[in-house]
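Chemist: Handing you this structure, nothing more for now.
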Amino acid sequence: EEIDPKELRSQLQRSGVFLAFKYKAQPLKLGLSVVKNAYIAVPQAHVDHAVLTTAVSTDKAQTTEVIYYVQNNAQQFLTVKLPKGAKLVSDVFVNGASQQPMHREGSDDLLVRLPGGGSRRMAAFPVRFVYEIPSPSAGDKLAWSGGFSIDVPSLDAVGIFESHHQLYLPEGYLYTKFDGPMTLSVRDRGWASVRHA
Numbered sequence: 051e052e053i054d055p056k057e058l059r060s061q062l063q064r065s066g067v068f069l070a071f072k073y074k075a076q077p078l079k080l081g082l083s084v085v086k087n088a089y090i091a092v093p094q095a096h097v098d099h100a101v102l103t104t105a106v107s108t109d110k111a112q113t114t115e116v117i118y119y120v121q122n123n124a125q126q127f128l129t130v131k132l133p134k135g136a137k138l139v140s141d142v143f144v145n146g147a148s149q150q151p152m153h154r155e156g157s158d159d160l161l162v163r164l165p166g167g168g169s170r171r172m173a174a175f176p177v178r179f180v181y182e183i184p185s186p187s188a189g190d191k192l193a194w195s196g197g198f199s200i201d202v203p204s205l206d207a208v209g210i211f212e213s214h215h216q217l218y219l220p221e222g223y224l225y226t227k228f229d230g231p232m233t234l235s236v237r238d239r240g241w242a243s244v245r246h247a
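Mapping to the numbering used here: the sequence shown position 84 is 134, numbers consecutive.
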């Protein structure tokens, strides 16, 4: 029968013993089932919080500032796929330090070198850059009604836990219908729509 390891004779007690048994008759036979536990893979990096700010001009050109708060455990680069037609218009700042933008041969994806996490867990640090998407018809003003989409960057093999996106339209324009995976903030929706939702 199984006993507490503390009940073992002093000669048998040692650190690391977690199972002990006693028997009352011969022959002695003890069957044990041994299973190896598999470790669950954890992400090498993730974004705790993403803050995007987009300004739309009167001809639908878009300029977006992106700030990712990155938690890095063991990833060398953050791979950012910019929206189609987007052009980087700033250096990349990692934890406040300027970094020359990079990309791999044959790819337009932006590579951001990340500081290593090493053996200790690092606090989230900001990665900031600005890109613009030129107007499809430069110089033509927005119509009085219509719609357009705001495309955002995607990250390769890195999850984002929370996103906040602010949108600035030209003076005199406002959005009357909002669609997509994000929702308007309570301040923009108003408390009445929250109470009746």
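Beta carbons are placed, not taken as given, at the ideal position from N, Cα and C, and that holds for glycine.
Secondary structure at E57, three-state DSSP: helix, strand or coil?
Modeler: Here E57 sits in helix by DSSP.
Chemist: Taking all protein chains shown into account, do 16 or more other C-beta atoms lie within 10 angstroms of the C-beta of V92, making it buried, or fewer, making it exposed?
Modeler: Answer is exposed; the Cβ neighbour count stays below 16.
Chemist: If you reduce the DSSP assignment to three classes, tell me which class M152 lands in.
Modeler: Three-state DSSP puts M152 in a strand.
Chemist: Can you look up E212 in the DSSP assignment and give me helix, strand or coil?
Modeler: Correct three-state label for E212: coil.
Chemist: Count the other CB atoms within 10 Å of the CB of Y225; is the residue buried (16 or more) or exposed (fewer)?
Modeler: With fewer than 16 other Cβ atoms within 10 Å, it is exposed.
Chemist: Alpha carbon to alpha carbon, how far is R154 from V101? Give it in angstroms, no decimals.
Modeler: Near 26 Å, if we compare the C-alpha coordinates of R154 and V101.
Chemist: Is S169 helix, strand or coil by DSSP?
Modeler: Because S169 carries a pLDDT of 49, less than 50, the predicted location of this residue cannot be relied on, and the following value inherits that uncertainty. Reduced to three states, the DSSP call for S169 is coil.
Chemist: If I follow the unbroken beta strand (DSSP E) through Y118, where does it start and stop?
Modeler: Where Y118 is concerned, the enclosing beta strand (DSSP E) stretches over Q112 to N122.
Chemist: Considering only DSSP beta bridges, list what V130 is partnered with.
Modeler: Note: V130 sits in a beta bridge opposite L160 and L205.
Chemist: Report back the beta-carbon spacing between V130 and V97 to the nearest angstrom; my notes put them in contact at under 8 Å.
Modeler: Going by Cβ atoms, the distance from V130 to V97 rounds to 11 Å, so no, they are not a contact pair.
Chemist: Per DSSP, K137 is paired with what?
Modeler: Partner(s): E182.
Chemist: Who does V177 pair with in a DSSP beta bridge?
Modeler: Answer is Y118 and V144, bridged to V177.
Chemist: Run through DSSP, which three-state label would L234 get?
Modeler: The answer is coil: DSSP assigns L234 none of H, G, I, E or B.
Chemist: What are the boundary residues of the beta strand (DSSP E) that T104 is part of?
Modeler: Looking at the DSSP string, the run of the beta strand (DSSP E) that includes T104 is A95 to V106.
Chemist: Would you report the Cα separation of V85 and G135, rounded to the nearest angstrom?
Modeler: Approximately 53 Å, taken between the alpha carbons.
Chemist: Count the C-beta pairs between the region 171-190 and the region 106-118 that are closer than 8 Å, then say yes if the count reaches three, no if not.
Modeler: These segments touch.
Chemist: Do you know how far the Cα of N123 is from the Cα of I53?
Modeler: So the alpha carbons of these two residues sit roughly 42 Å apart.
Chemist: Less than 8 Å between the CB atoms is what I'm expecting for V106 and L219, so what's the real figure, rounded?
Modeler: Rounded, the Cβ-Cβ distance is 5 Å, consistent with contact.
Chemist: Helix, strand or coil for Q51, going by three-state DSSP, please let me know.
Modeler: Strictly speaking, residue 51 in this sequence is Glu, with Gln absent from that position. Residue state, collapsed to three classes: coil.
Chemist: Taking all protein chains shown into account, decide if L132 is buried (16 or more other Cβ within 10 angstroms of its Cβ) or exposed.
Modeler: Counting Cβ neighbours within 10 Å, L132 comes out buried, since at least 16 surround it.
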